[in-house]
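Participant: Submitted below is the structure of interest, expressed as structure tokens.
There are 4 protein chains.
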Amino acid sequence: MSTAFVTSRRVEFSDTDAAGIMHFAAFFRMMEQAEHELLRSVGLSVVMHDASGKISWPRVNAKCDYQSPARFEEVLNIEVRIARLGKRSVTYSHSFSRHGQVLATGEITAVCCRVREGVPPKSLSIPVAIAKKLKPFVAI
Amino acid sequence: MSTAFVTSRRVEFSDTDAAGIMHFAAFFRMMEQAEHELLRSVGLSVVMHDASGKISWPRVNAKCDYQSPARFEEVLNIEVRIARLGKRSVTYSHSFSRHGQVLATGEITAVCCRVREGVPPKSLSIPVAIAKKLKPFVAI
Amino acid sequence: MSTAFVTSRRVEFSDTDAAGIMHFAAFFRMMEQAEHELLRSVGLSVVMHDASGKISWPRVNAKCDYQSPARFEEVLNIEVRIARLGKRSVTYSHSFSRHGQVLATGEITAVCCRVREGVPPKSLSIPVAIAKKLKPFVAI
Amino acid sequence: MSTAFVTSRRVEFSDTDAAGIMHFAAFFRMMEQAEHELLRSVGLSVVMHDASGKISWPRVNAKCDYQSPARFEEVLNIEVRIARLGKRSVTYSHSFSRHGQVLATGEITAVCCRVREGVPPKSLSIPVAIAKKLKPFVAI
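Residue numbers (this note's numbering), protein chains in the order written: chain A, 1 to 140; chain B, 141 to 280; chain C, 281 to 420; chain D, 421 to 560.
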């Protein structure tokens, strides 16, 4: 059985724009924050080190559908699930809601990569120990 | 025949993150900047006033595919086309490149709305005069 | 006796820059967030309405001294005091620390203003009821 | 005789906040952008490499006084001078104006540092070749 990771964020003044609502790009920052919080909740981080060096998760895709605006000082409920746990990538799906009303839904796909200074990131198979920790969040 | 609107942006230090590259959410800010620049190039703005009040363009969808990272001080070429000019909405498609190499491609869909203080935005048919100015950018 | 308002913020990935540390401008966003949280803690908001309309607090000065960098995922302790409660303005002073080590100290001065659409903000005397709620945070 | 470095920036939608004006922290991002543009104009960068490794310029102080708000789509004129060229630090002073009216003035002090991965930055004397290129901007 899958479990959503649930967190929340308050809309800060610096997240808003002259339309009086949370700027559309700020949703992506919050999606990433929720993803990183999910990782921390199982003892992982988006930047980790193993015997061979640094592992990180560059994004290859991000998207968001906006249904209803979020306003200054509102507290948004954010649910994160893993829509797809691939061999080398993870697709996180996010749902923003307030008092049970969905405001926006999004997805971010990140690829597991070996990262070395001055060299382009190289994808690698998600280590078994990491995949095991992510499995409980896979949506079914 | 369609024409892409072409502009450029330099990757500023505040656009970068601890991975040493432009943060993925910064692409969305640049996509919006390019869209607004396209509008200004034909005498429009994302916030306009007509006899009945204020017209604006809330976003209902935004997405981006990332192929290759952008780094501090690089100048990115941004091409904007209109992938779809609907009755009430516009879908802009963006392509980021550097020296001819595509780094990322994205899309933003915005809905033409009547905006009034304290009331949710209400979609309206894109005024003919506006649609006419956007037509040259429609991808074919 | 004065009391500092104490809160904390985690350094998010989008707060960092290519130097691998929290971007200097991100400290100002956190200072503002802490100030707004202080206001909420006593039932106020940076945007309020009374019988005569909207009251807000435009900033006239902001500054920060940086002693030591903050890094991704670190949790920063933020203490806010009121360095000066004037007739029409408030100067908040902020101290960022981590495990007891001060990383940065800053100040923001905001002016109490009547805000009306389309008219420049006009300063007004801080209403007594508001000043009373701020007094406990005045540094002595 | 000193020369100000002059550039300009348009207020983008993502720079604005729910008060309908440019967010106060966005001025700091623009100050930094103008400083980096000044450096590029004389063949320097805020991140450089010499025979001994990487040189960068961490900020130790930043401040801004706000006189008048900046709004969406306005083009701001930014003048940068060097208020003080020290042995190990540079203080840049910035003036934002629009149609000759000053909107804000600020200062950033950056320290010349040797930067090595995993070690705190260490200040060093500004190399003569660099100081020479900065001298024309010293305010007198």
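Glycine is no exception: its CB is placed at the ideal position from the N, C-alpha and C atoms.
Do the CB positions of N217/B and V146/B come within less than 8 Å of each other?
Facilitator: Cβ distance < 8 Å, so N217/B and V146/B count as in contact.
Participant: Would you call S192/B buried or exposed, if buried means 16 or more other Cβ atoms sit within 10 Å of its Cβ?
Facilitator: Burial call: exposed.
Participant: For the alpha helix (DSSP H) containing L134/A, name the first residue and the last one.
Facilitator: Here the alpha helix (DSSP H) through L134/A covers 128-134.
Participant: Going straight from the alpha carbon of T249/B to that of I195/B, what length do you get?
Facilitator: Roughly 16 Å separates the two Cα atoms.
Participant: Give the range of the beta strand (DSSP E) segment to which Q521/D is assigned.
Facilitator: Unbroken beta strand (DSSP E) run through Q521/D: 521-531.
Participant: Thinking Q227/B and I266/B are a contact (beta carbons under 8 Å), I'd like their distance in whole angstroms, please.
Facilitator: Checking the sequence, you will find Lys at residue 227/B rather than Gln. That belief holds up - the Cβ atoms of K227/B and I266/B are roughly 7 Å apart, short of 8 Å.
Participant: Looking at chain C, which residues of the segment 468-486 of chain D have a Cβ within less than 9 Å of any of its Cβ atoms?
Facilitator: Residues passing the 9 Å Cβ filter: S476, P478, R479, V480, N481, A482, K483, C484, D485, Y486.
Participant: Quick one: is S434/D near chain A, going by C-beta distance under 8 Å?
Facilitator: Yes - at least one Cβ of chain A is within 8 Å of the one on S434/D.
Participant: Quick one: what's got a C-beta closer than 6 Å to D17/A's C-beta in the same chain, skipping five residues either side?
Facilitator: Same-chain partners within the cutoff: H23.
Participant: With DSSP as the reference, identify every bridge partner of T283/C, one or two as the case may be.
Facilitator: DSSP, once it has assigned bridges, lists no residue as partnering T283/C.
Participant: At 7 Å on the CB atoms, spell out the chain C contacts of V46/A, in chain order.
Facilitator: By Cβ distance, chain C contributes F293.
Participant: Helix, strand or coil: how does DSSP classify R180/B here?
Facilitator: Residue state, collapsed to three classes: helix.
Participant: Determine, for G118/A, whether the minimum Cβ-Cβ distance to residues of chain D falls below 8 Å.
Facilitator: Answer no: the Cβ-Cβ gap between G118/A and chain D never drops below 8 Å.
Participant: At which residues does the beta strand (DSSP E) containing I362/C begin and terminate?
Facilitator: Start and end: 355-365.
Participant: Closest Cβ-Cβ distance between G246/B and chain C: below 8 Å?
Facilitator: Taking Cβ atoms only, chain C never reaches closer than 8 Å to G246/B, which makes this a no.
Participant: Determine the direct distance from the alpha carbon of E152/B to that of S325/C, and round the result to whole angstroms.
Facilitator: Spanning the two alpha carbons is a distance of roughly 33 Å.
Participant: If we cut at 8 Å on Cβ distances, does A174/B have a partner in chain A?
Facilitator: No, because no Cβ of chain A sits closer than 8 Å to the Cβ of A174/B.
Participant: Quick one: is F72/A near chain D, going by C-beta distance under 8 Å?
Facilitator: True, the Cβ-Cβ gap to chain D drops below 8 Å.
Participant: Does DSSP classify D15/A as helix, strand or coil?
Facilitator: Helix at D15/A.
Participant: Using 8 Å for Cβ pairs, my map puts A305/C next to F448/D. What's the rounded Cβ distance?
Facilitator: Correct: roughly 4 Å between the Cβ atoms.
Participant: For R158/A, which residues in chain C fall below 8 Å Cβ to Cβ?
Facilitator: Because chain A in this structure spans residues 1 to 140, residue 158/A falls outside the shown range and cannot be described.
Participant: Give the single residue among A4/A, T3/A, D15/A, I21/A whose Cα lies nearest to the Cα of G258/B.
Facilitator: Checking every option, the nearest Cα to that of G258/B belongs to I21/A.
Participant: Per DSSP, which residues does V370/C bridge with? Please list them.
Facilitator: V370/C is bridged to L365/C, A390/C.
Participant: Give me the Cβ distance between R254/B and L264/B, rounded to the nearest whole Å; I'm assuming they're in contact under 8 Å.
Facilitator: Between L264/B and R254/B the Cβ distance is about 5 Å, and since that is below 8 Å, they are a contact.
Participant: With contact counted as at least three CB pairs below 8 Å, one residue from each stretch, are the segment 483-500 of chain D and the segment 517-526 of chain D in contact?
Facilitator: Counting Cβ pairs under 8 Å, three or more are found: they touch.
Participant: Using the beta-carbon count (16 or more within 10 Å), is V128/A buried or exposed?
Facilitator: So V128/A counts as exposed.
Participant: If you count every other CB in all the chains shown that lies within 10 Å of the CB of I140/A, and 16 or more means buried, which is it?
Facilitator: It counts as exposed.
Participant: The beta strand (DSSP E) that contains M188/B, what's its start and end?
Facilitator: First-last of the beta strand (DSSP E) with M188/B: 187-190.
Participant: Can you check whether the CB of Y346/C is closer than 8 Å to the CB of R479/D?
Facilitator: Yes, Cβ-Cβ distance for R479/D and Y346/C is below 8 Å.
Participant: For P120/A, count the other beta carbons within 10 Å of its own beta carbon; 16 or more makes it buried, fewer makes it exposed. Which is it?
Facilitator: With fewer than 16 Cβ atoms within 10 Å of its Cβ, P120/A is classed as exposed.
Participant: Count the other CB atoms within 10 Å of the CB of G463/D; is the residue buried (16 or more) or exposed (fewer)?
Facilitator: That one is exposed.
Participant: Quick check on A210/B: does DSSP put it in helix, strand or coil?
Facilitator: In this structure, A210/B counts as coil in the three-state DSSP scheme.
Participant: Check the C-beta distance from V391/C over to S373/C and give it rounded, since I have them as a contact under 8 Å.
Facilitator: Wrong, their Cβ atoms sit about 16 Å apart, outside the cutoff.
Participant: Can you name the residues of chain D whose CB is closer than 9 Å to the CB of H99/A?
Facilitator: Here the premise fails: no neighbours, minimum Cβ distance about 20 Å.
Participant: Return the residue from the list R290/C, E315/C, M328/C, M310/C that minimises the CA-CA distance to H36/A.
Facilitator: For the residues R290/C, E315/C, M328/C, M310/C, the minimum Cα distance to H36/A belongs to R290/C.
Participant: In the DSSP assignment, what residue or residues form a beta bridge with V395/C?
Facilitator: DSSP output for V395/C lists K334/C as bridge partner(s).
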